[in-house]
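Trainee: Numbers given in the numbering used here equal positions in the sequence shown, counted from 1, plus 3.
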Amino acid sequence: MQEFRRSAVIGLLALVTVLTPVPTAAAPACFGKSATLSGRGRLIGTPRDDVIVGSNGADLIKGKGGDDLICSRGGADTVYSGSSRDQVRAGRGSDYVLDSKGNSDRLWGGAGSDSISIRGGVESSLFAQDELFGDKGNDVLRGGFSDDTIRGGRGDDLIDGRMDHDELFGGPGQDVIRGGPYVDTFYLTGDGDIVDGESPPSSDWVSYEHAKGPIEVDLVAASGGLAGDPQDTINGVTSVTGSPFGDSIKGDSRGNVVDGLEGNDSIEGRAGRDWLRAQVGNDTLDGGDGRDILDGNAGTDTCLNGENNQSCEVVGP
4 MQEFRRSAVI
14 GLLALVTVLT
24 PVPTAAAPAC
34 FGKSATLSGR
44 GRLIGTPRDD
54 VIVGSNGADL
64 IKGKGGDDLI
74 CSRGGADTVY
84 SGSSRDQVRA
94 GRGSDYVLDS
104 KGNSDRLWGG
114 AGSDSISIRG
124 GVESSLFAQD
134 ELFGDKGNDV
144 LRGGFSDDTI
154 RGGRGDDLID
164 GRMDHDELFG
174 GPGQDVIRGG
184 PYVDTFYLTG
194 DGDIVDGESP
204 PSSDWVSYEH
214 AKGPIEVDLV
224 AASGGLAGDP
234 QDTINGVTSV
244 TGSPFGDSIK
254 GDSRGNVVDG
264 LEGNDSIEGR
274 AGRDWLRAQV
284 GNDTLDGGDG
294 RDILDGNAGT
304 DTCLNGENNQ
314 SCEVVGP
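#1: Entirely within the region 145-175 and at least 3 residues each: give me those beta strand (DSSP E) ranges in chain order.
#2: Kindly indicate which residue of 241, 160, 263 has the alpha-carbon position closest to the one of residue 200.
#3: Do the CB positions of residue 237 and residue 220 come within less than 9 Å of each other?
#4: Under 9 Å, do residue 258 and residue 277 count as touching if we go by C-beta distance?
#5: If you measure between the beta carbons of residue 86 and residue 68, is that distance less than 9 Å?
#6: Among residues of its own chain, excluding the 5 on either side of residue 102, which ones have a beta-carbon nearer than 6 Å to its beta-carbon?
#7: Give the straight-line distance between the Cα atoms of residue 114 and residue 223, rounded to the nearest whole angstrom.
#8: Per DSSP, residue 36 forms a beta bridge with which residues?
#9: Would you mind sorting residue 37 into buried or exposed? The rule is 16 or more other CB atoms within 10 Å of its CB.
#10: Which word fits residue 163, buried or exposed, when buried means at least 16 other C-beta atoms lie within 10 angstroms of its C-beta?
#11: Using DSSP bridges, identify the partner residues of residue 285.
#12: Give me the residue from 131, 306, 171 with the minimum Cα distance to residue 320.
#13: Identify which residue in 155, 49, 76 has its Cα closest to the Cα of residue 180.
#14: To test your reading of the DSSP string, which unbroken alpha helix (DSSP H) runs of 4 or more residues are found completely within the region 37-106?
#15: If you follow the beta strand (DSSP E) that residue 264 is in, where does it begin and where does it stop?
#16: Do you know offhand how far residue 81's Cα is from residue 60's?
#17: I need the DSSP call for residue 310, collapsed to helix, strand or coil.
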């Protein structure tokens, strides 16, 4: 009887051992969703919504129809997004990412010098709004025919908005930022960027609203940046947004539009029909030659050489 019990216990233990599941590795994920297709080498999506995850090697990944999520991980990868609204995150390595349709996609670079481009035709991307994001490394980020938002990351990036009305953000590093034939806005922080608003100028804006201190801009000298050490080169721009601090902003002979934001600003329009506007602070606005609109807004403001003065406590000739 005792032998029978011993045999029964051994048999039950063996059964438990057989039935105990073997732990398996977690499925790779992309943007928080489990992969529907993963591996290395050549990965081709389907007409449906795919979640594609590459390997740590050099992969070729192609999305097709559907709203795809693509993560290329490591290696020097080549990624082609599909025909719908896709999201792509490049991984470590120098990757090449191309969106040939331009259907409101969001494309991220990774650690490495990446090239990310929108190359959709006018018909496919005219009403799209694509977003491109750089990361660590010297990236090349090129927009398409739509209203794109492009943000450089850490490194010396080339940012090219190309067509339509783009918002172009320089990042930490000395970036080259190019606009197109339409009105673009360049967001700078004073890191020694080079801005080309394209010629002839099309009323492009340069904005320092995210600067960490007061700035100075002189459009005649084509310079801008942090006060006392302006390192940015600004070409083809007619309009300026200052920082939340006390800024010095000088226009040129064209009709300039300037918004000083908060702080005790000094704004000079020089020649041309200018519109100079300050916000909270004790500001000095000088329209210069031409018929100018000066708006001091809140604070004790001094307005000089303006034909249309608004909210000005002191008005000069």
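Beta carbons are placed, not taken as given, at the ideal position from N, Cα and C, and that holds for glycine. Since we're looking at a predicted model, the values are computed, not measured.
Mentor: Taking the definition as stated:
#1: 152-154, 161-163, 170-172, all fully within the region 145-175.
#2: Position 197 of the sequence shown, counted from the first residue, corresponds to residue 200. Residue 241 is the option with its Cα nearest to residue 200.
#3: As a working note, residue 237 is residue 234 in the sequence shown. As a working note, residue 220 is residue 217 in the sequence shown. Yes, Cβ-Cβ distance for residue 237 and residue 220 is below 9 Å.
#4: Counting from 1 along the sequence shown, the entry for residue 258 is found at position 255. Counting from 1 along the sequence shown, the entry for residue 277 is found at position 274. Yes, they are a contact pair.
#5: Working through the sequence shown from its first residue, we reach residue 86 at position 83. Working through the sequence shown from its first residue, we reach residue 68 at position 65. Residue 86 places its beta carbon less than 9 Å from that of residue 68.
#6: Locating residue 102 in the sequence shown gives position 99, where the first residue counts as 1. Answer for residue 102: 84, 108, 121, listed in chain order.
#7: Stepping through the sequence shown from its first residue, residue 114 is reached at position 111. Stepping through the sequence shown from its first residue, residue 223 is reached at position 220. The alpha-carbon atoms of residue 114 and residue 223 are separated by roughly 38 Å.
#8: Here the question's residue 36 lines up with position 33 in the sequence shown. Bridge partners of residue 36: 33.
#9: As a working mapping, residue 37 is identified with position 34 in the sequence shown. Residue 37 should be labelled exposed.
#10: For the purposes of this step, residue 163 is taken as the residue at position 160 of the sequence shown. Counting of Cβ neighbours within 10 angstroms places residue 163 among the buried residues, the total reaching 16 or more.
#11: Along the sequence shown, one-based indexing puts residue 285 at 282. Answer is none; residue 285 lacks a bridge partner.
#12: Position 317 of the sequence shown, counted from the first residue, corresponds to residue 320. Taking only the C-alpha atoms, the option nearest residue 320 is 306.
#13: Residue mapping note: residue 180 aligns to position 177 of the sequence shown, counting from 1. The shortest CA-to-CA distance from residue 180 to any of 155, 49, 76 is the one to 155.
#14: With a minimum length of 4 residues, no continuous alpha helix (DSSP H) run stays inside the region 37-106.
#15: Counted from its first residue, the sequence shown places residue 264 at position 261. For residue 264, there is no enclosing beta strand (DSSP E), since its DSSP letter is neither H nor E.
#16: The residue given as residue 81 occupies position 78 in the sequence shown. The residue given as residue 60 occupies position 57 in the sequence shown. Approximately 11 Å between the Cα atoms of the pair.
#17: To locate residue 310, count along the sequence shown from 1; it is residue 307. Assigned with DSSP and collapsed to three states, residue 310 falls in coil, not helix or strand.
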